[in-house]
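Numbering (this note's numbering), first residue to last: 48 to 301.
A short write-up of the structure that comes next.
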Amino acid sequence: MANQTYTAYMHTTPERLWDALTTPEQTVRYFDFMEGFMAVDSSWTPGSPVTYRVGEVAQIEGRVIEVERPARLVTGFSLLYYPEEERDTPSRMVWEIAPIGEVCNLTVTWSGEEAAGQTARDIGICMPSILANLKILLETGRPRLIKEIVFDCADPARLSVFWAAATGYVMQGPPPTPEDNFVATADPHGVGPELAFQRVPEHKVVKNRVHFDLRVDDPATEIERLLTLGARRAHGYPHGVLLDPEGNEFCVGG
């Protein structure tokens, strides 16, 4: 069996968190899984069907296995958006809510057969962002405004590794390979937007119109660290202006 476990702490009540997991009006605001934001439909009784849909098109199906409101929910989980011959064996999702004072600890565990490789990959890519979206929605009352910032680049694997190390972000899904055309990273604290890197045939030829400003405690030390990761100094600019491995400008300051 393959397993993946994700945990998030949220300032909310178990009842509000349970409702957010089980009502279509709520899930469509944060459950962004591969094909788009999904609404969930179910009566939430053992044996009843569970469907996640984009609009009216079902994308994920399963059945309710266990219900213990508002503490534990177990369902089957089978992807529908791959061609039938590529669909994985059904797998299982466990959602567990544990109150800790004014905070709830939500633990999500996916488990499936080793053959469920596509499902495992998609869970790894999407679940960190789903939990970050859910946390922001419950704590602020509104969905995350900026979901993702996408870099066009020649080498998504190389650039994603650099920026993950530069920002403290983590990879979504398995470690990137040189063959990957799209790689996403996420803030492990669920605060910042995702940073994604997509392969394009064109190389950078002009100065960027948008760039990052990194705020750090010790700019001089951080600049030296970034240089060892593959950054370069931008000649003709102030000391705190650097270039990433593909020549994108960014600034480092206190």
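Here a beta-carbon is modelled for each residue, glycine too, at the ideal position from N, C-alpha and C.
task = Report the rounded CA-to-CA distance for G271 versus V263, giving the unit in angstroms.
result = What you label residue 271 is simply residue 224 of the sequence shown in a count that begins at 1. What you label residue 263 is simply residue 216 of the sequence shown in a count that begins at 1. Note on identity: in this sequence residue 271 is Glu, with Gly being the wrong assignment. About 13 Å.
message = By the three-class DSSP mapping on this structure, what secondary structure does D202 have?
response = Reading the sequence shown from its first residue, position 155 is the one you call residue 202. For D202, the secondary structure class from DSSP, reduced to helix, strand or coil, is coil.
message = Rounded to whole angstroms, what is the Cα-Cα separation between W157 and S138?
response = Position 110 of the sequence shown, counting from 1, holds the residue named residue 157. Position 91 of the sequence shown, counting from 1, holds the residue named residue 138. Looking at the two C-alpha atoms, the distance is approximately 7 Å.
request  = Output yes or no for whether 8 Å exceeds the beta carbon distance between S95 and R110.
outcome  = Your numbering for residue 95 matches position 48 in the sequence shown. Your numbering for residue 110 matches position 63 in the sequence shown. Going by C-beta atoms, S95 is nearer than 8 Å to R110.
message = In this structure, how does DSSP classify S176 when only helix, strand and coil are distinguished?
response = Here residue 176 refers to the residue found at position 129 of the sequence shown. In the structure shown, S176 sits in a helix (DSSP, three-state: H, G or I).
ask   = Which term fits R191, buried or exposed, when burial requires 16 or more other beta carbons within 10 angstroms of its beta carbon?
value = Your numbering for residue 191 matches position 144 in the sequence shown. Classification of R191: buried, given that the 10 Å Cβ count is 16 or more.
task = Using the DSSP secondary-structure output, state which residues sit across from Q51 in a beta bridge.
result = Within the sequence shown, the letter at position 4 stands for residue 51. Answer is W157, bridged to Q51.
key: Top-ranked residue by Cα proximity to Y53, from V288, H250 and H236   = Position 6 of the sequence shown, counting from 1, holds the residue named residue 53. Cα-wise, what sits closest to Y53 is H236.
ask   = Of the choices L290, V155 and L276, whose alpha-carbon is the least far from that of F259?
value = Sequence index remark: in the sequence shown, residue 259 carries index 212 (1-based). Ranking L290, V155 and L276 by CA distance to the CA of F259 puts L290 first.
inquiry  = Cutting at 6 Å between CB atoms, please list the residues of its own chain near I21, excluding the five before and the five after it.
reply    = Nothing about residue 21 can be reported from this structure: the residues present for the chain run from 48 to 301 only.
message = Once DSSP output is grouped into helix, strand and coil, what is the label at W210?
response = Counting from 1 along the sequence shown, the entry for residue 210 is found at position 163. Residue state, collapsed to three classes: helix.
inquiry  = Buried or exposed for A213, going by 16 or more other Cβ atoms inside 10 Å?
reply    = Counting from 1 along the sequence shown, the entry for residue 213 is found at position 166. A213 should be labelled buried.
Cβ pair G220, Q51 closer than 8 Å = Numbered from its first residue, the sequence shown carries residue 220 at position 173. Numbered from its first residue, the sequence shown carries residue 51 at position 4. No Cβ-Cβ contact shorter than 8 Å links G220 with Q51.
request  = Spatial neighbours of W91 within its chain, please: CB distance less than 7 Å, with the 5 preceding and 5 following residues excluded, ordered by chain position.
outcome  = Taking the first residue of the sequence shown as 1, we reach residue 91 at position 44. Result list for W91: T69, V111 and V114, in chain order.
request  = Identify every residue that forms a DSSP beta bridge with Q245.
outcome  = For the purposes of this step, residue 245 is identified with residue 198 of the sequence shown, where counting begins at 1. DSSP lists D199 and F229 as the beta-bridge partner residues of Q245.
query = Is D79 buried or exposed, if buried means 16 or more other CB atoms sit within 10 Å of its CB?
reply = For the purposes of this step, residue 79 is identified with residue 32 of the sequence shown, where counting begins at 1. By the 16-neighbour rule on beta-carbons within 10 angstroms, D79 is buried.
request  = Look at the Cβ atom of L9, then the Cβ atom of A86, and state whether they are nearer than 8 Å.
outcome  = Nothing about residue 9 can be reported from this structure: the residues present for the chain run from 48 to 301 only.
Through-space distance from E72 to A145, alpha-carbon basis = In the sequence shown, residue 145 corresponds to position 98, counting from 1. In the sequence shown, residue 72 corresponds to position 25, counting from 1. Rounded to whole angstroms, A145 and E72 show a C-alpha spacing of 23 Å.
query = In its own chain, which residues sit with a C-beta less than 6 Å from the C-beta of W57, not counting the 5 before and 5 after it?
reply = Numbered from its first residue, the sequence shown carries residue 57 at position 10. According to the sequence shown, residue 57 is Met rather than Trp. Correct list, in chain order: C151, K182 and L185.
request  = Measure how close the beta-carbons of A49 and A167 come, nearest whole angstrom, since I'm counting them as under 8 Å.
outcome  = Position 2 of the sequence shown, counted from the start, is the residue given in the question as residue 49. Position 120 of the sequence shown, counted from the start, is the residue given in the question as residue 167. About 6 Å separates the beta carbon of A49 from that of A167, a gap short enough to meet the 8 Å contact definition.
message = I'd like to know whether the C-beta atoms of A204 and P225 end up nearer to each other than 8 Å.
response = Taking the sequence shown and counting its residues from 1, one reaches residue 204 at position 157. Taking the sequence shown and counting its residues from 1, one reaches residue 225 at position 178. Closer than 8 Å, so yes.
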